[in-house]
Amino acid sequence: MASLPKEMKALRYEKPEDFSIVTVPLPKLRDNDVLVQVKACGVCGTDLHIHEGEFIAKFPLIPGHETVGVIAAVGKDVKGFEIGDRVAADNSELCNECFYCRRGQLLLCENFNAHGVTMDGGFAEYCAYPAAKVFKIHNLNWVDATLLEPASCACHGLEKIRPKLGSHVLMFGAGPTGLMLAQLLRQNGGCQVTIAAPQGLKMELAKSLDAADTYIELSRENPSAQFDKLKADNPYGFDIVVEATGSVKILEDSINYVRRGGTLVVYGVYANKDRVSWPPSKIFGDEITIIGSFSETYMFPATIDYLDSGKVKTKGIVNKTFKLEQFGEALQSIKDKTAIKAAIVFDLYSFLNDRQHGSWKEQSALQLPPKMNIGNSPLFKDRARPVLRQTFAPHDPEARPRRGTMDSVVQFLLDRSRIDVSKIRIERATEEYGNQTLASLRRARLIGICSSCDLTVEFRLTKTGPISSTISETDVGLSFNGFCFARIRLPEVRTSFWATSVKIQGQRLQITDMTTFKAYIRSIILDDETKFQLEQGRCTVTALGVTANCNYRMDIPIRGMGGPKAKLRSLKRRGEDVTVVLTIENPSPVEVDLGNTVFELRSGVALAYAELKGPLKITRGTFDCVLHGKAKAGAVISAKMRLTGICAEEVSWCREAVPFLDLPVDKLEVAN
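Counting from 1, one number per residue, gives the positions in the sequence shown under the UniProt record's numbering.
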């Protein structure tokens, strides 16, 4: 057995809002204690209250109450545990002697202590716990295992509520613990579960976890109309109303959604100074039961079963991870709600090796150098582990082969990531001729060689792994069918586990291969599905203090327009003058401003009814297009008509893109 260090790194508060990274002695073990080498520890809203001196915190303090890790040492009287066992820690310690403990009401212990709240916890490299308070974990990875403590609180809440079969449940809030409680209620008596919470990441997560039957996405600016509708749609209210936001205002109003004989659950974490005002006559007359659900005791075995089996889904709840030195950032991410749930992680190697557990176990061996398996390869253990721990010596010649291994590992993770595009806008198409005349360029067949446009892209970067990382700003090539037609500058991106939103606004794009670019535009307009590639980009990826050099390469599938469909809303003719209003449907995320365009409205097989002109800005979804022109002499409308693109009036690549548009048009009556 490797010898233990005498000291460890820890985060310690001397008083509220005053924390620092310190070196302290390892915790002393009592005879029935185990020493846990911490692999990860969750960060939640309770840590914010502790930071501010609220809750029941006692200082000085090493916080951290959602601890998971491996057994590093055991006391002399400990049985059933071996060094190396993967465990999660129940943070509570009870006296078993006070008035409440002797009556079996352990959570009300008068001498209640909790690691990370009133005694030292898991924001340290090691932490000691009574052996009776640690539990072996099997299928869960370290990130998801940090949810066992809050999930145990949810199990305790379920036990307190004891829902009757067929109960209708309303939950305010979509935080991590609330989402797990919602799943438990749905599986244990809740016939209909409704979650009401603001629009955003948490509600997206709630839907992905299938946590409820109904979702009410509240406006952040003015939700009053939605609250009124909720009451109108449920005139008898709900059997169970759970307030899980920690908002006093919502808690006060929650009682108005409880049906007569129903139950109100006070489940959020509130400041000690908070007060509510309820009319006693309503509680008395409607026989409303009010329940508080605080923490948990001895719920870990049941909770591990729920999470291990996948009955309670947790994927994506922890969406940001940080080093211990980044605790301030972690706390801020909880405060400003950019993190749904965060975790402090201590060892990148453990997370890579931990791929055999939980949500990582379905992944095949990493495609690294021959015979290199991330889980058990001697090559990885001998070379990757040292580079992760010694990467702060990049100028050491002996470190170079180790850094190559690290680059391969991170490259593999980057290659598995995905970009989901929500918008591509192409506008301001131009040709730039310098001192040459347009005629001379045409003679030289160089039209398009200096083409450009503005490009705006909005996308979400997903599947970047469980560890927050920073991908550096970089130039990448835009390619279609293996040919690069332009280069674009990607901004620096800080990833999160759930998804990272990225926006590139109005970047000027110099088109270097017009043939390929036009082929791509044609594919967007005509095909149902298309894709382009990001390639030839070099970037650095930094996570947990480790920096790797990577190639940026990725296929980006997007939905095409599939040959946009048009509906003729009106066609007005006065003499030869014709005005056409079309409603065009674009199912693609791509928007293209083609400028002033020329079309022919054709009837029959190829008979031109009118030549029409007007601006055409293709936007997402359904939009209107107004065109004006002259009717051809003797032209008549037929049952089958088409709007066929001729060209763009401005000199740009759009001139050759407009003919790709050949839209079938539903016929309407002509208004004279």
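Ideal Cβ placement from N, Cα and C applies to all residues, glycine included.
- For the pair V70 and V134, the CB atoms are not nearer than the 8 Å cut-off.
- In the three-state scheme derived from DSSP, where H, G and I count as helix and E and B as strand, Q199 is classed as coil.
- Considering only Y257, K229, V265, the residue with the shortest C-alpha distance to G246 is V265.
- Just measuring C-alpha positions, the residue of V457, K6, V22, A635 sitting nearest E591 is V457.
- Per DSSP, S219 is not a residue of any beta strand (DSSP E), being assigned neither H nor E.
- By the neighbour-count criterion, in which a residue is buried when 16 or more other Cβ atoms sit within 10 angstroms of its Cβ, Q37 is buried.
- Taking A211 as the centre and dropping the five residues before and after it, the same chain places the C-beta of L179, A182, Q183, I195 closer than 7 Å to its C-beta, in chain order.
- Straight through space, the alpha carbons of G53 and G64 are spaced by roughly 15 Å.
- A straight-line Cα-Cα distance of about 56 Å links H628 and K341.
- When only Cα atoms are considered, E204 and G562 end up about 28 Å apart.
- Look at P280 here: in three-state DSSP terms it is helix.
- Taking a cut-off of 8 Å for Cβ pairs, the segment 475-491 and the segment 516-525 touch, as three or more such pairs fall below it.
- The Cβ atoms of H156 and S295 lie closer than 8 Å to each other.
- For G175 and A244, the gap between their C-alpha atoms comes out near 7 Å.
- Counting along the chain, Y609 sits inside the beta strand (DSSP E) bounded by residues 607-618.
- Its chain contains D286 as the residues whose beta carbon lies nearer than 6 Å to that of R260, once the 5 sequence neighbours on both sides are disregarded; these appear in chain order.
- Within a 10 Å sphere around the beta-carbon of A635 sit 16 or more other beta-carbons, which makes this residue buried.
- Taking C-alpha positions only, E650 is separated from G595 by approximately 7 Å.
- Per DSSP, reduced to three states, the secondary structure at A648 is strand.
- Between the alpha carbons of K39 and R538 lies a gap of roughly 32 Å.
- The residue from P589, D577, D47 with its alpha-carbon nearest to that of S422 is P589.
- For the 8 Å CB-CB criterion, V578 and K630 form a contact.
- For R522, the uninterrupted alpha helix (DSSP H) segment begins and ends at 514-526.
- Straight-line measurement puts the Cα of V580 at about 13 Å from the Cα of L616.
- Under the 10 Å beta carbon count, F459 is surrounded by 16 or more other beta carbons and is classified as buried.
- In this structure, the beta-carbon distance from D407 to N549 falls below 8 Å.
- Distance from I467 to V598 at the Cβ level is roughly 54 Å; contact not present, criterion being Cβ atoms closer than 8 Å.
- Assigned with DSSP and collapsed to three states, Y257 falls in helix.
- Where Q326 is concerned, there is no enclosing alpha helix (DSSP H), because DSSP gives it neither an H nor an E.
- Assigned with DSSP and collapsed to three states, I291 falls in strand.
- Cβ neighbours of S277 within its own chain (closer than 7 Å, five residues either side excluded): E252.
- In the DSSP assignment, R553 falls within the beta strand (DSSP E) that extends over 546-559.
- Here L4 is exposed: its Cβ has fewer than 16 other Cβ atoms, across all protein chains shown, within 10 Å.
- Under DSSP, P664 forms a beta bridge with R642.
- Within the DSSP secondary-structure output, Q192 pairs in a beta bridge with H168.
- Between K9 and T23 the beta-carbon gap is near 6 Å, inside 8 Å, which marks them as a contact.
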